[in-house]
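Novice: Okay, handing you the structure first.
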Amino acid sequence: MNMKTLSPAAALKAIDAIRNSFAARISARMDAPDALAELEKVLGLLGEVDFSRANAEHLRASGHPVIQQLQQAEFKSGGEGVSAIFDAFLPLLDALPWRYSYEPRPDAPDIGERMAWAELVGPIAPFSSRKVCLGLTAIGPGLLYPRHRHPAVESYWVVSGTAAWTAEGITRHHPPGTLILHPANVIHAMQTHNEPLLAAYAWTGEVETLSEYV
Ligand SMILES: [Fe+2]
Numbered sequence: 021m022n023m024k025t026l027s028p029a030a031a032l033k034a035i036d037a038i039r040n041s042f043a044a045r046i047s048a049r050m051d052a053p054d055a056l057a058e059l060e061k062v063l064g065l066l067g068e069v070d071f072s073r074a075n076a077e078h079l080r081a082s083g084h085p086v087i088q089q090l091q092q093a094e095f096k097s098g099g100e101g102v103s104a105i106f107d108a109f110l111p112l113l114d115a116l117p118w119r120y121s122y123e124p125r126p127d128a129p130d131i132g133e134r135m136a137w138a139e140l141v142g143p144i145a146p147f148s149s150r151k152v153c154l155g156l157t158a159i160g161p162g163l164l165y166p167r168h169r170h171p172a173v174e175s176y177w178v179v180s181g182t183a184a185w186t187a188e189g190i191t192r193h194h195p196p197g198t199l200i201l202h203p204a205n206v207i208h209a210m211q212t213h214n215e216p217l218l219a220a221y222a223w224t225g226e227v228e229t230l231s232e233y234v
């Protein structure tokens with residue numbers, strides 16, 4: 021596969037698209053207080069990140085097989101507030117540092133090839149932080165991202181694709197433009213249908229502890 025490198029400028033543009041939409045979401049005050057407080061926390065922590073220095077190692081595209089699934093997909097983004105994120109990320113799909121870091125699952129041997137995330141801010145990312153993570157999750161069509169949990173608090177911002185999201189045993193279909201908050205250690209899962217899911221995410225709190233299947 022032709023390995024691309026993500027330019028710091030393109031990564032910053034994508035990060036800014038997420039930051040700007042989070043700021044707009046805060047201004048709109050349409051979400052629950054705990055979700056708004058978390059977005060404010062994310063923006064505050066991003067304000068502490070040194071965006072003048074990018075780690076070249078983490079700007080290199082990983083050549084992850086999820087890229088081929090994404091390249092075959094027809095994306096739609098009709099969600100309020102997410103079109104700028106969609107426009108910033110779509111040209112970068114084959115240049116992002118996608119990774120998947122769970123242990124293998126005998127019941128889903130190819131899962132690590134069909135979903136991945138590209139972290140742009142975090143402990144292992146182009147822009148370094150040990151307090152906040154920011155990136156894009158991609159889940160190929162027709163895939164269950166099984167029940168998992170992590171001590172970090174997680175905000176998801178659906179950019180493309182309507183999937184079934186389960187948290188604390190309750191399942192909802194969330195279209196693009198939906199903001200989803202997973203408090204620390206809440207067990208959650210996602211099931212995609214015909215279309216892949218793209219969702220921006222942020223982690224705060226214990227960001228250096230990996231997510232694990234339960
Ligand atoms: Fe999560």
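Residues 21 to 234, numbered by my numbering, are exactly what the sequence shown covers, in order.
Cβ atoms here follow ideal geometry from the backbone N, Cα and C, with glycine treated the same way.
1. Would you please state the rounded distance, in angstroms, between the beta carbons of LEU59 and ILE46? I believe it to be under 8 Å.
2. Does PRO216 pass the burial test, meaning 16 or more other C-beta atoms within 10 Å, or should it be called exposed?
3. Between HIS170, ALA204, ALA34 and GLU139, which has its C-alpha nearest THR157's C-alpha?
4. Can you give me the Cβ contacts of PHE109 inside the same chain, cut-off strictly under 6 Å, excluding the 5 residues immediately before and after it?
5. Give every residue whose Cβ lies closer than 7 Å to any heavy atom of ligand 1, listed in chain order.
6. What's the call for ILE131, buried or exposed, on a 16-neighbour Cβ count within 10 Å?
7. Is the distance from the Cβ of VAL102 to the Cβ of VAL152 below 9 Å?
8. For GLN88, which option in LEU79, ASN75 and ILE159 has the closest C-alpha, if you only look at C-alpha atoms?
9. Could you tell me whether the segment 161 to 181 touches the segment 218 to 234, where touching means 3 or more Cβ pairs closer than 8 Å?
10. Using three-state DSSP, classify SER41 as helix, strand or coil.
Specialist: The structure says:
1. Confirmed, about 5 Å.
2. Note on PRO216: 16 or more other CB atoms within 10 angstroms of its CB, so buried under the neighbour-count rule.
3. Of HIS170, ALA204, ALA34 and GLU139, the residue nearest in Cα terms is GLU139.
4. Contacts found: ALA34 and LEU156.
5. Answer in sequence order: HIS168, HIS170, GLU174, HIS202, HIS208 and SER231.
6. Flag for ILE131 reads buried.
7. One thing to note: VAL102 has its Cβ no nearer than 9 Å to the Cβ of VAL152.
8. When each option's Cα is compared against that of GLN88, the closest is ILE159.
9. Touching, per the Cβ criterion.
10. For SER41, the secondary structure class from DSSP, reduced to helix, strand or coil, is helix.
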